[in-house]
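The opening position of the sequence shown corresponds to residue 38 in my numbering, with each subsequent residue numbered one higher. All residues carry an ideal CB built from backbone N, CA and C; glycine is no exception. This one's a predicted model, so the numbers in the text were calculated from it and none came from an experiment.
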Amino acid sequence: MAGWEDLKQVFIENGLEELADIITELAQNNLDAPTVIYEELRKTDVYKERFKGNFERAAKGLPLLTEGEYLNQEMQYSKVLTAYSAGTLGTRDNYAKMIAGDISPVELDDRFTVSYNRVTKAASGEDKALLNELKKMYPGITNNELATSLLLGEEGSKYLNTKLNVAEIKAAETETGIKSTLGASFLEGQGINRAQARIGLSKTAEQKTGYEQASRMFGETSTEGLQQELEQENLLGQTSKRTKRLASQARAQFGGTSGITSGSLGKKKQI
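Structure (structure tokens):
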């Protein structure tokens, strides 16, 4: 009997209290068949609930973790969550979701670095422009659920980082009141961040009307593509032949200055 009590204690010490009585009962009834003990144990509802992540992995065709690997994974998750002061997320249900999603402890750490803290800040109300963009990407989700969903979901940290960067640039569009013709995804791919997008788009918005007026004044038949050219200049450093020509014509017309201001053409200096 002492042997079964010892086995029961091992389960208790390893955080498997709910399985302790079951394993001892099965062991007592199958003295000469240890393989049967574990087969029967894994059929119980209590076991299925305790190692729920494994059963979800099986449904996805992912390799199963041993019980030891499963428990170790939970312990590693706990360490990461504690390090980021997010210990309240350390529930068995959340661990099961992460294990089912094949999220390694390293990946979990990366998600905190690239997404969780940024989204938590936005969700707290400090960044409404970004929060609104995130709500468009994840419709129907509440502020409190948003960061946790990104942390526990199946999208990888690299993909999440890209997605959040795009949302940041779209937030810059909202802040500056001008939508990029190049597109937020394109700008993100060029390494443009939110601050750079805000500066470049603001400058584009300031210049656009003046260049459109100059274009009409100097005989341009169309202003199509002008905003894109201004964005390429202000965000990517690509000189536009058209804006260079218009600025040169304006300088000649207005005595040494381009005459192209933030909203309209300047006037000739009075002599």
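Helix or strand or just coil, what does DSSP make of residue i?
i: T213; result: helix
i: N180; result: helix
i: Y175; result: coil
i: L102; result: coil
i: G247; result: helix
i: R282; result: helix
i: K80; result: coil
i: F88; result: coil
i: D164; result: coil
i: L56; result: helix
Output needed for residue i: all residues of its chain with C-beta closer than 7 Å, excluding positions within five of it in sequence on either side, in chain order.
i: L167; result: A159, A204, E205 and A208
i: N198; result: V151 and S152
Report yes if the C-beta distance between residue i and residue j is below 8 Å; otherwise report no.
i: Q227; j: L273; result: yes
i: A234; j: L224; result: yes
i: Y175; j: L145; result: no
i: G247; j: E268; result: no
i: L22; j: R148; result: An answer regarding residue 22 cannot be provided, because it is not within the stretch 38 to 308 covered by the chain.
i: S239; j: T213; result: yes
i: L56; j: V83; result: yes
i: R282; j: E266; result: no
Excluding the five sequence neighbours on either side, which residues of its own chain have a C-beta within less than 6 Å of the C-beta of residue i, listed in chain order?
i: N271; result: G237, K240 and T241
i: L118; result: G124, L126 and G127
i: E93; result: A137
So within the region 188-242, which uninterrupted alpha helix (DSSP H) runs reach at least 4 residues, ignoring any that extend past its ends?
194-213 and 221-226, all fully within the region 188-242.
My parser needs the alpha helix (DSSP H) runs of 4 or more residues fully inside the region 117-155; what are they?
Qualifying alpha helix (DSSP H) stretches, in chain order: 129-137 and 142-148.
Would you check if the region 73-85 and the region 119-130 touch, i.e. whether three or more CB-CB distances between them fall below 8 Å?
The region 119-130, when compared against the region 73-85, does not touch it at the 8 Å Cβ threshold.
At least 3 beta-carbon pairs within less than 8 Å: the region 80-97 vs the region 132-139:
They touch, by the three-pair rule.
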